[in-house]
Amino acid sequence: MLAEVSALLAPLAAAIGYSTYKARQFEHAYPNIGELTDVGGYRMNAVHIKRPENADLPALVFIHGASGNLLDQVVAFRAALEGRAEMLFVDRPGHGYSERGGPENAIPSGQADAIARLMEKRGIEKAIIVGHSFGGAIAAAFGLRHPDKTAGLLFLAPATHPWPGGIDWYYHVATTPVVGWLFTHAIVVPLGLRRLERGTLNVFRPNPRPADYIEKTGPSLVLRPSAFHNNAADFKRLLAYVQEQSLLYSQITAPTVIITGDRDEIVWEHLHSRGLARDILGSELITVRGVGHKPDYLATDVAVAAMEKISGKPRDLQAIARKAEERLAAASRDRTVATAPSLAPAAPRVFSDAQNTLQHLELHNYPAKNRMSFDRPDADQAGRR
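One gets my numbering by counting positions in the sequence shown from 1 and adding 10 to each.
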């Protein structure tokens with residue numbers, strides 16, 4: 011009997027040891043570039059770019075999506091906005107290098123409150139809140155709960171409204187007592203590493219993923235046991251949360267712009283982005299044709315123009331979006347099968363040795379029906395109208 015038990019436990023112990031070793035490797039490849047700040051019993055991590063002398067924009071706060079960390083938005087926006095604004099790139103509670111805090115941080119309203127406290131600690135009175143994907147739900151919560159700190163809201167491919175169906179199986183497993191601990195400590199790393207390439211390609215499709223996206227954005231950090239558990243807990247509570255909170259979006263009064271692609275296969279734009287445009291009076295919806303779930307990378311110029319418009323500068327966002335479409339179409343024509351675009355040279359090259367990483371384990375087994383890893387099965391199933 012002892013021999014049989016040992017035979018069962020040995021592979022499990024080996025898997026846990028391997029995952030622990032790989033988690034340390036992930037942190038070595040992507041060490042923290044931010045600063046930890048106590049926000050009331052736990053610490054939030056952020057990269058804070060102080061207000062430059064000649065700033066022409068209000069402070070900007072960037073909130074990353076599910077399974078991510080602050081590097082995703084740092085790489086997308088820092089170089090484009092350097093010298094123009096104070097910027098705060100946040101690791102959401104329990105993600106990246108931020109500590110989780112209490113149970114209230116398993117829902118967007120708690121995370122919005124944590125970011126508001128972090129702003130206070132960093133001396134930021136008011137800011138344009140920029141939320142991508144899952145970060146959109148937090149940006150909406152911020153606008154509702156902290157209007158005095160909200161100079162405007164910019165939603166990028168946001169997840170903000172109820173969707174039909176549920177979520178992927180691994181989120182349920184990861185949050186199950188005992189079994190969830192074993193899953194996150196023994197299975198997630200090897201499973202996640204196998205999904206790396208397909209997962210990151212799916213996030214960008216139908217657009218090409220920048221060749222060095224994995225290398226620069228630290229996606230493997232979500233595979234660490236605590237981070238994966240927190241990510242799963244966020245997902246499990248999101249549907250019930252937005253079912254209730256989306257009814258309140260009409261109370262948002264801050265200047266608002268929503269930017270989405272019409273080819274988003276991760277978050278259904280007809281439910282979320284159009285829903286926000288319907289619910290928030292005076293908001294402007296910008297749909298960039300041919301773009302998927304990453305307008306922050308594919309239409310960075312449109313997003314920056316939206317920040318300018320929110321701050322009071324005259325900008326024709328629809329015209330700017332059309333120019334972005336022309337640029338993307340020209341790039342698509344010029345691209346060869348053997349090449350993929352790189353991130354802009356001006357964007358900071360933060361780290362290397364990132365082949366063993368994964369972004370967005372919200373990332374997907376295509377096709378799927380009515381399941382929230384934000385999959386869109388196809389145009390008909392998505393009810394696109």
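We treat Cβ as the ideally placed atom computed from N, Cα and C, and that holds for glycine.
- Counting along the chain, the unbroken alpha helix (DSSP H) around N241 starts and ends at 235–255.
- G162 is bridged by DSSP to I138.
- In the structure shown, T186 adopts coil according to DSSP, grouped into three states.
- Scanning the segment 79–145 from its first residue to its last, the whole alpha helix (DSSP H) runs of 4-plus residues come out as 81–91, 118–131.
- T297 has T270 as its beta-bridge partners, per DSSP.
- In the three-state DSSP reduction, G27 falls in the helix class (H, G or I).
- Assignment of R53 by DSSP, reduced to helix, strand and coil, places it in the strand class.
- The C-alpha of R273 lies about 6 Å from the C-alpha of G300.
- Boundaries of the beta strand (DSSP E) around D48: 45–48.
- Under the three-state reduction of DSSP output, G176 falls in the strand class.
- Nearest Cα to A339 within the set A309, I320, Q328, K319: A309.
- In the structure shown, the three-state DSSP call for H58 is strand.
- V312 and E275 have their C-alpha atoms spaced approximately 20 Å apart.
- Check the Cα spacing between V71 and each of Q83, P113, A65, A287: the tightest is with Q83.
- If you ignore the 5 residues before and after D101, its C-beta comes within less than 8 Å of the C-beta of G44, M54, N55, A56, H74, N79, L80, Y107, S108, all in its own chain and listed in chain order.
- Put simply, the backbone Cα of S29 is about 12 Å away from that of V232.
- In this structure, DSSP gives A76 a state outside helix and strand, which the three-state scheme calls coil.
- Collapsing the DSSP output to three states places V71 in a strand.
- Looking only at G146, K131, K333, the smallest Cα-Cα distance to Y251 is reached by G146.
- The shortest C-alpha to C-alpha distance from G93 to any of I117, P62, P41 is the one to P62.
- One thing to note: L258 has its Cβ no nearer than 9 Å to the Cβ of T170.
- Per DSSP, P220 is not a residue of any alpha helix (DSSP H), being assigned neither H nor E.
- Classified as buried, D178 has 16 or more neighbouring CB atoms from the shown chains inside 10 Å of its CB.
- Contact between A184 and F238 holds, since their C-beta atoms are separated by about 6 Å, short of 8 Å.
- For D344, the closest of L281, A76, P218 by C-alpha to C-alpha distance is P218.
- In the three-state scheme derived from DSSP, where H, G and I count as helix and E and B as strand, N64 is classed as coil.
- Shown here, W191 sits in a helix according to DSSP, grouped into three states.
- Under the three-state reduction of DSSP output, K32 falls in the helix class.
- In the three-state reduction of the DSSP assignment, T227 falls in the helix class, which pools H, G and I.
- Looking at the backbone, the Cα of F152 and that of L98 are separated by about 15 Å.
- Taking E318 as the centre and dropping the five residues before and after it, the same chain places the C-beta of L67, R325 closer than 8 Å to its C-beta, in chain order.
- The residue from I269, R337, I290 with its alpha-carbon nearest to that of V314 is I269.
- Residues V49, G50 of the same chain have their beta carbon placed closer than 7 Å to that of R127, with the five preceding and five following residues left out of the count.
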